[in-house]
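Colleague:
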Amino acid sequence: MPGDTDAATQLPAIEGWWSADESGAPHLIGGKCTKCATYVFPPRANNCPNPACDGDELAQVPLSRRGKVWSYTENRYAPPPPYPSPDPFEPFAVAAVELADEGLIVLGKVVEGTLAADLKVGMEMELTTMPLYTDDDGVERLTYAWRIA
Ligand SMILES: [Zn+2]
Numbered sequence: 005m006p007g008d009t010d011a012a013t014q015l016p017a018i019e020g021w022w023s024a025d026e027s028g029a030p031h032l033i034g035g036k037c038t039k040c041a042t043y044v045f046p047p048r049a050n051n052c053p054n055p056a057c058d059g060d061e062l063a064q065v066p067l068s069r070r071g072k073v074w075s076y077t078e079n080r081y082a083p084p085p086p087y088p089s090p091d092p093f094e095p096f097a098v099a100a101v102e103l104a105d106e107g108l109i110v111l112g113k114v115v116e117g118t119l120a121a122d123l124k125v126g127m128e129m130e131l132t133t134m135p136l137y138t139d140d141d142g143v144e145r146l147t148y149a150w151r152i153a
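End of the sequence shown = 153 in my numbering, gap-free, step of one.
1. Name the two residues that bound the continuous beta strand (DSSP E) containing Leu146.
2. My parser needs the beta strand (DSSP E) runs of 3 or more residues fully inside the stretch 91 to 142; what are they?
3. For a test of your reading of the model: does the CB of Gly34 fall under 8 Å from any non-hydrogen atom of ligand 1? Yes or no.
4. Do Arg70 and Ala149 have their CB atoms nearer than 9 Å?
5. Below 8 Å on the Cβ atoms is my guess for Tyr43 versus Leu131; work out the distance and round it to an integer in Å.
6. Is Gly157 buried or exposed, if buried means 16 or more other CB atoms sit within 10 Å of its CB?
7. Do you know whose CA, among Ala120, Pro66, Tyr137 and Gly142, lies nearest Gln75's CA?
8. In its own chain, which residues sit with a C-beta less than 8 Å from the C-beta of Leu123, not counting the 5 before and 5 after it?
9. Tell me the rounded alpha-carbon separation between Asp139 and Arg145.
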């Protein structure tokens, strides 16, 4: 979990999608088929995504922290409830990043301050985390995000 000292004030928005090592560097958690080694994100325990495989057991594995931009876009409209959104709404970029080792494309928000005009297909990206919203208990909920490496 990110920064033990902040454990009481910062938590993942969704449990089990990413974790961080002792230095605080986050990585995504994927599922890997124990039969054909196909990866999937978000992680799940069963049902291999490879249509040619009847494997039904996926192990939880850390995914590469870096990948290359496969595609991207910019969201200029606030998502409808129940999705948390800052008020006033700020446009943000979304990138589909291809992890070379896993052959997996992971869609994620891009950090604040980086918009579509700053991105290019093939650009090297690195995983980080960013605040998504603050919950009713005052806990800052974090999500994974991409930043230019
Ligand atoms: Zn499989």
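Idealized CB from N, CA, C, for every residue including glycine.
Quick caveat, the model's predicted, so the values are computed rather than measured.
Modeller: Answer, in terms of the structure:
1. Glu144 to Ile152 is the extent of the beta strand (DSSP E) around Leu146.
2. If we require 3 residues or more, the beta strand (DSSP E) runs fully inside the stretch 91 to 142 come out as 96 to 103, 108 to 114 and 128 to 138.
3. Gly34 Cβ: outside cutoff for every heavy atom of ligand 1.
4. Not in contact: Arg70 and Ala149 (Cβ atoms no closer than 9 Å).
5. Not really, about 15 Å apart at Cβ, beyond 8 Å.
6. Residue 157 lies beyond the stretch modelled for the chain, which goes from 5 to 153, so this question has no answer here.
7. The question names Gln, but residue 75 is Ser in the sequence shown. Residue Ala120 holds the alpha-carbon nearest to the alpha-carbon of Ser75 among Ala120, Pro66, Tyr137 and Gly142.
8. So the qualifying residues of the chain are Val73, Tyr76, Ala97, Ala99, Val114 and Ile152.
9. CA-to-CA, the gap between Asp139 and Arg145 works out to about 7 Å.
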